[in-house]
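Student: So the sequence lines, in the order shown, correspond to chains A and B. Numbering-wise (the working numbering), the first sequence opens with residue 24 and increments by one. Numbering-wise (the working numbering), the second sequence opens with residue 1255 and increments by one. For glycine and all other residues, C-beta sits at the position ideal for the given N, C-alpha and C. Here it is: the structure, laid out below.
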Amino acid sequence: MSDIGKMVAQRLGLGLLTLFVVSLIIFLGVELLPGDIAQEILGQAATEETVAAFRRELGLNLPPHERYIAWLVNLLQGDFGKSLANKREISELLDVRLWNTLFLAAVAAVISVPLALTLGILAALYRNSIFDRAVNIMTLSSISFPEFFVAYILILFLAVNLGVFPSISNISEELSFGERVYRCILPALTLTLVVVAHMMRMTRAAIINLLASPYIEMARLKGLKPGRIIVKHALPNALAPIINVVAINLAYLVVGVVIVEVVFVYPGLGQLLVDSVSKRDIPVVQACSLVFAMTYILLNLLADVLSILSNPRLLHPR
Amino acid sequence: MNAEAKTTAKTDGQSDVILTMRGLRIEGYADEVWHEIVHGVDVTLRRGEVLGLIGESGAGKSTIGLAAMGFARDGCRISGGQIIFDGIDLTKASDDELRALRGSRIAYVAQSAAAAFNPAHRLIDQYCEAPVQHGIMPRSEAEADAKDLYGRLQLPDPDGIGFRYPHQVSGGQLQRAMTAMAMACRPDLIVFDEPTTALDVTTQIEVLAAIKNIVQQFDTAALYITHDLAVVSQMADRIMVLRYGNLVEEGETRPIVEDPQKDYTRDLLAVRTFRKPPVDEPEGDIPLLRVENVTAAYGKVPVLSGVSMDIHEKRTVAVVGESGSGKSTTARVITGLLPPSEGRVLYEGQALDPTYRKRSKDELRRLQMIYQMPDTAINPRQRVRDIIGRPLEFYLAIRGEEKEARVRQLLQMIELDPDDFIDRHPGELSGGQKQRICIARALAAEPELIICDEVTSALDQLVAEEILKLLQRLQDDLGLAYMFITHDLATVKAIADEIVVMLAGEVVEQGPKQEILTPPHHEYTELLLSSVPEMDPDWLDRVLEDRAAAI
């Protein structure tokens, strides 16, 4: 087991290193954005002196590397700083928004992951059948349309024509759990349609890839039923690639929601990011980006660890 | 059904036949056409009888074995004939009917147990699957039964071994565990598909004994598929010799082995009779290559300890041992792929740099290698011209027309027609031809020493014999020295001048061939030599008796 501990620790260390590099890239990237918040807030009429004074007040006159180090040091102490636009603590802003985004991602994941895995397993079981082709065509077309298009189509049919779901996913903390789920069904469905294809096709491919192995032939020659062969004999050995693709898609559910949140006016992190960019509210943009990066890294780390654990050779050493 | 009932069934005449295949035809799909690969073979198997199917690769023996279960691999189909198992025609049976028979009444033992056991499940879970799924017995009963069978197959710790994962068990033990798994439902028929081919000789003999014993105990009928006539003559009551999907000869084991009627069977029997004529003692004191007290490890795992050997000019040193004995690692140290932690390698008395990166091009040129798997040792995208031409350019700076002429010359040396072969891709060559190309590539560098790492192990016996003869002729013509790594003692007997026996990273015994092969032997050499199957149906029983007596 100590080997596994070592591997996990190694991955964790690499994850932290990645996060550091990402923080640097985020800072530099934001630095390159055109525009200036002081100018933006004070408007065209402000004199150069007032703008300069305001910049000093915000600490924007310091050289970039000093600002980066100050930002990093504060971050390590859990202080994201204050929003330049409205002076509120960023951690406060993030808190609600992040939970909302995670909530939406969770609802989408609960629908999409089991659906994708089931479809993938069934497609592998009935490979090259009509069912297999139909599933492939449907998932591929849903992934091929832009997200906003899928979103508007869903709104058109489910909100406008049928009226079963609200087209605006306006949620707040006072709402009951059920009500919240109900309100974010449409964005969750949109996300599901976007991520299912990838996960389903990887599941199918990973399983089919194993069907030529001698142990699958052995299972067939033991007279086992095809469903059992796929689920008991192929699936456990296909877990590593499936876990990885699921993790990437879960990360996308958190990170890739920007457009979907805007379309459904959902008060999540994506909305916050878009608003902050348009306001040149740099510290908020940085904080959001960092949260997104952290999600990616954490989920991929988790996938790494889980795929290690899914390998019996590592779990049960000689 | 108990043994007594089976015996009475046997005397019943017709009903004692468990399997009949009549006019069996099987097709394989390749190049967008169906080709017939088994051309109307008849097989009859009585209850409790062991029938050996023997032939080289492409003979269709595995395909026929699987057809006995009504099964054809992907890309194959049963295109004609009847397969009647206990009154049921498997060619007409539905998928559900076939599934009900497989695993319960007809079972299969695969060539590589390591690959045929699912790595994700414990042995006993895989054992219990067939009896539980077929509704023959509940899990608890199956588990108890598994432990009993593990014991009968002489597996160590029969109560506990089933709870291990396949990778935690050795190859020979896995093969016995697979035999136990096949026995789980007490089938009427077991198909053994080369069950010992992937094993070392000393392990093979244990597995053979265990299989023979258990098949007799339960009076199970078996199809025993192998390419090794010596092995099959230990196991089978009757033998069918197959070639290119046709029956060559069929008969009781003893007559087939002692008095074969067909030339092909005689060739198979005569294989391994090639012997290199003895040579004089080496001249000069300085060997061409000297391995001096080499100790090496992969990471922290020690692989070699204190290995020394000499290879003299124009001589063949056979390094023999079982898997994991360090033979190939020694070659890796010599070639500089694995720097040793202690000791050194001398070439004509001069120390070679431990790593190949720091050796001169000329030092690299004089020492060439031929590998076990010709399929993976040559680039499938290159033509023969480029494969052989590359070392000419690289080592000797031969280009243009001169290179072309030299490639043709090399092809003639390896007995392939240059006009026919020079433009081919590896995919258009047979296994033996590919290995010849590998030999030509090694020769192109004009080496003095060639390391041959199991070069004949992946080849059919008759093809392997041709390759050995070719290597011998090249040695005589060009004065090459060979380091011949092999696990096969028959090859050693054929080609060696000197023998180095290795075990667990150490040299156990070394010396001239005559000395090593004449008693008294080192204990381990004795074990190795006595484990090589002989073409005598009584060999296995005799060896087991001798060994039992010795203990």
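Do residue 1278(B) and residue 1337(B) count as a contact pair if the criterion is CB distance below 8 Å?
Tutor: Here residue 1337(B) is taken as the residue at index 83 of the second sequence, counted from 1. Here residue 1278(B) is taken as the residue at index 24 of the second sequence, counted from 1. Cβ atoms of residue 1337(B) and residue 1278(B): closer than 8 Å.
Student: One question on the structure: do residue 1340(B) and residue 1444(B) come within less than 8 Å of each other, judged by their Cβ atoms?
Tutor: What you label residue 1340(B) is simply residue 86 of the second sequence in a count that begins at 1. What you label residue 1444(B) is simply residue 190 of the second sequence in a count that begins at 1. No, Cβ-Cβ distance for residue 1340(B) and residue 1444(B) is not below 8 Å.
Student: So is residue 1609(B) buried or exposed if we call it buried at 16+ other beta carbons inside 10 Å?
Tutor: Here residue 1609(B) is taken as the residue at index 355 of the second sequence, counted from 1. Exposed, because fewer than 16 other Cβ atoms sit within 10 Å of the Cβ of residue 1609(B).
Student: Just how far apart, CA to CA, sit residue 84(A) and residue 319(A)?
Tutor: Residue numbering aside, residue 84(A) sits at position 61 when the first sequence is read from its first letter. Residue numbering aside, residue 319(A) sits at position 296 when the first sequence is read from its first letter. Taking the straight line from one Cα to the other gives about 33 Å.
Student: Which residue wins for smallest C-alpha separation from residue 115(A), given the options 101(A), 125(A), 126(A)?
Tutor: Within the first sequence, numbered from 1, the residue matching residue 115(A) stands at position 92. Of the listed residues, the one whose Cα sits closest to residue 115(A) is 101(A).
Student: Start and end of the alpha helix (DSSP H) containing residue 1556(B)?
Tutor: Within the second sequence, the letter at position 302 stands for residue 1556(B). No alpha helix (DSSP H) contains residue 1556(B), which is instead part of the beta strand (DSSP E) from 1555-1565.
Student: Short check: CB of residue 27(A) to CB of residue 262(A), under 8 Å?
Tutor: For the purposes of this step, residue 27(A) is taken as residue 4 along the first sequence, with counting starting at 1. For the purposes of this step, residue 262(A) is taken as residue 239 along the first sequence, with counting starting at 1. Their beta carbons are not under 8 Å apart, which means residue 27(A) does not touch residue 262(A) by this criterion.
Student: Quick one: give me the first and last residue of the beta strand (DSSP E) that residue 1289(B) is part of.
Tutor: Locating residue 1289(B) in the second sequence gives position 35, counting from the first residue. 1287-1300 is the extent of the beta strand (DSSP E) around residue 1289(B).
Student: Is any beta-carbon of chain B found at less than 8 Å from that of residue 275(A)?
Tutor: To locate residue 275(A), count along the first sequence from 1; it is residue 252. Residue 275(A) does not count as touching chain B.
Student: May I have a chain-ordered list of the beta strand (DSSP E) segments no shorter than 3 residues that lie completely inside the segment 1666-1747 of chain B?
Tutor: Listed in chain order, they are 1703-1707, 1735-1740.
Student: Roughly how many angstroms separate the alpha carbons of residue 1771(B) and residue 1274(B), rounded to a whole number?
Tutor: Here residue 1771(B) refers to the residue found at position 517 of the second sequence. Here residue 1274(B) refers to the residue found at position 20 of the second sequence. Spanning the two alpha carbons is a distance of roughly 46 Å.
Student: Going along chain B, which residues have a C-beta under 9 Å from residue 260(A)?
Tutor: Position 237 of the first sequence, counting from 1, holds the residue named residue 260(A). Going along chain B in sequence order, the residues near residue 260(A) (Cβ under 9 Å) are 1372, 1373, 1374.
Student: Can you round the beta-carbon distance between residue 1750(B) and residue 1786(B) to whole angstroms, since I take them to be within the 8 Å contact cut?
Tutor: Taking the first residue of the second sequence as 1, we reach residue 1750(B) at position 496. Taking the first residue of the second sequence as 1, we reach residue 1786(B) at position 532. Not confirmed; about 14 Å, so no contact.
Student: Using 8 Å as the limit for Cβ to Cβ distance, is residue 1299(B) near chain A?
Tutor: In the second sequence, counting from the first residue as 1, residue 1299(B) sits at position 45. Not closer than 8 Å to any Cβ of chain A, the Cβ of residue 1299(B) fails to qualify, so no.
Student: Could you compute how far the alpha carbon of residue 1764(B) sits from the alpha carbon of residue 1588(B)?
Tutor: Here residue 1764(B) refers to the residue found at position 510 of the second sequence. Here residue 1588(B) refers to the residue found at position 334 of the second sequence. Rounded to whole angstroms, residue 1764(B) to residue 1588(B) spans 18 Å at the Cα level.
Student: With a cut-off of 8 Å on the beta carbons, I'd call residue 99(A) and residue 304(A) a contact; round off their distance for me.
Tutor: By one-based count along the first sequence, residue 99(A) stands at place 76. By one-based count along the first sequence, residue 304(A) stands at place 281. With a Cβ gap of about 22 Å, residue 99(A) and residue 304(A) do not count as contacting.
Student: Which chain A residues sit within Cβ distance under 8 Å of residue 1316(B)?
Tutor: As a working mapping, residue 1316(B) is identified with position 62 in the second sequence. The premise fails here: residue 1316(B) is roughly 11 Å from chain A at the closest Cβ pair, so nothing lies under 8 Å.
Student: In terms of DSSP beta bridges, what is residue 1334(B) paired with?
Tutor: For the purposes of this step, residue 1334(B) is taken as residue 80 along the second sequence, with counting starting at 1. The partner list for residue 1334(B) (beta bridge, DSSP) reads 1279(B).
Student: My guess is that residue 34(A) and residue 212(A) are in contact by the Cβ rule of under 8 Å, so how many angstroms apart are they, rounded?
Tutor: Reading the first sequence from its first residue, position 11 is the one you call residue 34(A). Reading the first sequence from its first residue, position 189 is the one you call residue 212(A). Contact flag wrong, Cβ pair sits at about 34 Å.
Student: Which residues of chain A have a Cβ atom closer than 8 Å to the Cβ of residue 1353(B), listed in chain order?
Tutor: The residue you call residue 1353(B) lines up with position 99 of the second sequence. Under the 8 Å cutoff, chain A gives 246, 247, 248.
Student: Along chain A, in chain order, which residues have C-beta atoms closer than 8 Å to that of residue 1329(B)?
Tutor: Translated into positions along the second sequence, residue 1329(B) becomes position 75. Neighbours of residue 1329(B) on chain A: none; closest Cβ ~10 Å, over 8 Å.
Student: What residue range does the beta strand (DSSP E) around residue 1365(B) cover?
Tutor: Against the second sequence, residue 1365(B) aligns to sequence position 111. That residue, residue 1365(B), is in no beta strand (DSSP E); it is neither H nor E in DSSP.
Student: Among 1498(B), 1516(B), 1603(B), 1481(B), which residue has its Cα nearest to the Cα of residue 1539(B)?
Tutor: Taking the second sequence and counting its residues from 1, the one referred to as residue 1539(B) is at position 285. Answer by Cα proximity: 1603(B).
Student: Do the segment 267-281 of chain A and the segment 64-80 of chain A touch if we need at least three Cβ pairs shorter than 8 Å?
Tutor: Result no; under three Cβ-Cβ pairs closer than 8 Å.
Student: Can you check whether the CB of residue 1759(B) is closer than 8 Å to the CB of residue 1595(B)?
Tutor: By 1-based counting over the second sequence, the position of residue 1595(B) is 341. By 1-based counting over the second sequence, the position of residue 1759(B) is 505. Not in contact: residue 1595(B) and residue 1759(B) (Cβ atoms no closer than 8 Å).
Student: Below 7 Å CB to CB, which residues in the same chain sit around residue 1289(B) once its five sequence neighbours on both sides are set aside?
Tutor: For the purposes of this step, residue 1289(B) is taken as residue 35 along the second sequence, with counting starting at 1. Counting only Cβ-Cβ distances below 7 Å, and skipping sequence neighbours, we find 1281, 1282.
Student: Can you find the residues in the same chain that come closer than 7 Å, C-beta to C-beta, to residue 1261(B), ignoring five residues on each side of it along the sequence?
Tutor: Mapped onto the second sequence, residue 1261(B) falls at position 7. Model confidence at residue 1261(B) stands at a pLDDT of 42, short of 50, so the residue's coordinates are unreliable; what they give is reported in the following sentence. So the list is empty, once near-sequence residues are dropped.
Student: Give a yes or no on whether 8 Å exceeds the smallest Cβ distance from residue 1437(B) to chain D.
Tutor: Among the protein chains in the structure shown, which are A and B, there is no chain D.
Student: Does the beta carbon of residue 1273(B) come closer than 8 Å to any beta carbon on chain A?
Tutor: Here residue 1273(B) refers to the residue found at position 19 when the second sequence is read from its first residue. For residue 1273(B), the answer is no, since every Cβ of chain A falls outside 8 Å of its Cβ.
Student: Give the secondary structure of residue 1583(B) by DSSP, where H, G and I count as helix, E and B as strand, and everything else as coil.
Tutor: Translated into the one-based positions of the second sequence, residue 1583(B) becomes position 329. Residue 1583(B) falls in the helix class under three-state DSSP.
Student: Quick one: is the Cβ of residue 1775(B) within less than 7 Å of any heavy atom of the ligand MN?
Tutor: Ligands are entirely absent from the displayed structure, and the ligand MN is therefore not among its contents.
Student: I'd like the span of the alpha helix (DSSP H) that includes residue 1644(B), first residue to last.
Tutor: Position 390 of the second sequence, counting from 1, holds the residue named residue 1644(B). From DSSP, the alpha helix (DSSP H) with residue 1644(B) extends over 1638-1650.
Student: Of all the CB atoms in chain A, is at least one closer than 8 Å to the CB of residue 1326(B)?
Tutor: Taking the second sequence and counting its residues from 1, one reaches residue 1326(B) at position 72. Cβ-Cβ to chain A under 8 Å: no for residue 1326(B).
Student: Assuming the contact rule is C-beta atoms closer than 8 Å, residue 1739(B) and residue 1573(B) should be a hit. Round their C-beta distance to whole Å, please.
Tutor: In the second sequence, residue 1739(B) corresponds to position 485, counting from 1. In the second sequence, residue 1573(B) corresponds to position 319, counting from 1. At roughly 5 Å, the Cβ-Cβ gap stays under 8 Å, so residue 1739(B) and residue 1573(B) are in contact.
Student: Of all the residues that make up the segment 133-154 of chain A, which are near chain B by a beta-carbon distance shorter than 7 Å?
Tutor: Flagged: no residues at all.
Student: Work out the CA separation of residue 1545(B) and residue 1584(B) for me, nearest whole Å.
Tutor: For the purposes of this step, residue 1584(B) is taken as the residue at position 330 of the second sequence. For the purposes of this step, residue 1545(B) is taken as the residue at position 291 of the second sequence. Each residue's Cα considered, the two are about 9 Å apart.
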